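Reading through the structure tokens given below for one structure.
Residue numbers (full-length UniProt numbering): 1 to 200.
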């Protein structure tokens, strides 16, 4: 199953993939999906896109990124999403949030999370900062996992966006623009792609 072998979040001052604090996942057991080794910090989430949504439009997300070489810091600003798939189980407007994963050489090293916002076109307007050294900035990757909150069952995965030098073209273009010398804030829309179950 996807993320079957997982590492456990350890440390005295780490979050469990909730809130805006960074959690550092350590441990030797990881599984690989789409070229990135992933880590699960909670058992209360589903880890792949529902089969009924695999052949449908999963929506788009508007993201702004910037790398400040002087501060050795990357800013990710999650603006909004649109046209998220409708739910046939939930009454009213479902809530959504985004998990931000930072990878280095394929290893998950940092995780943060947005607040939950209701509706099928949620607006977060939420910034995040990640400390990334100049010498390795090109080897990092940003993964955004769009989640749907549920009250009585596991939270569900809508899909994900990968912004890195390898991956979907929109993500590659966005990443390369960001790491150019004297780069300014770069904002783009990205199509949300499904997360497929993976058997290691």
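All C-beta atoms in this analysis are idealised placements derived from N, C-alpha and C, irrespective of residue type, glycine included.
Please read these numbers as outputs of a predicted model, since none were measured by experiment.
- Residue pairing of residue 169 in beta bridges, as defined by DSSP: absent, with no partner found.
- Around the beta carbon of residue 125, a 10 Å sphere encloses fewer than 16 other beta carbons of the protein chains shown; the residue is thus reported as exposed.
- Taking a 10 Å sphere around the C-beta of residue 85, we find 16 or more other C-beta atoms and assign the residue as buried.
- In the same chain as residue 174, and ignoring 5 residues on each side of it, the C-beta atoms closer than 8 Å to its own belong to 63, 65, 163, 186, 188 and 190, in chain order.
- At least 8 Å separates the beta-carbon of residue 195 from that of residue 149.
- In the structure shown, residue 135 adopts helical secondary structure according to DSSP, grouped into three states.
- Bounds of any beta strand (DSSP E) do not take in residue 193, whose DSSP letter is neither H nor E.
- Looking only at 137, 57 and 80, the smallest Cα-Cα distance to residue 106 is reached by 137.
- In this structure, residue 103 sits away from residue 178, with a CB-CB distance that is not shorter than 8 Å.
- It is roughly 10 Å from the alpha-carbon of residue 158 to the alpha-carbon of residue 57.
- Pairing residue 119 with residue 83 gives a Cβ-Cβ distance that is not under 8 Å.
- For residue 171, the number of other beta carbons within 10 angstroms of its own is at least 16, and it is reported as buried.
- Here DSSP, grouped into helix, strand and coil, assigns residue 174 to helix.
- The beta carbon of residue 81 is closer than 6 Å to those of 59, 61 and 122 in its chain, skipping five residues each way along the sequence.
- Where residue 99 is concerned, the enclosing beta strand (DSSP E) starts and stops at 95-104.
- With a cutoff of 8 Å on beta-carbon distance, residue 73 and residue 129 are scored as near each other.
- DSSP places residue 149 within a strand segment (E or B) once states are collapsed to three.
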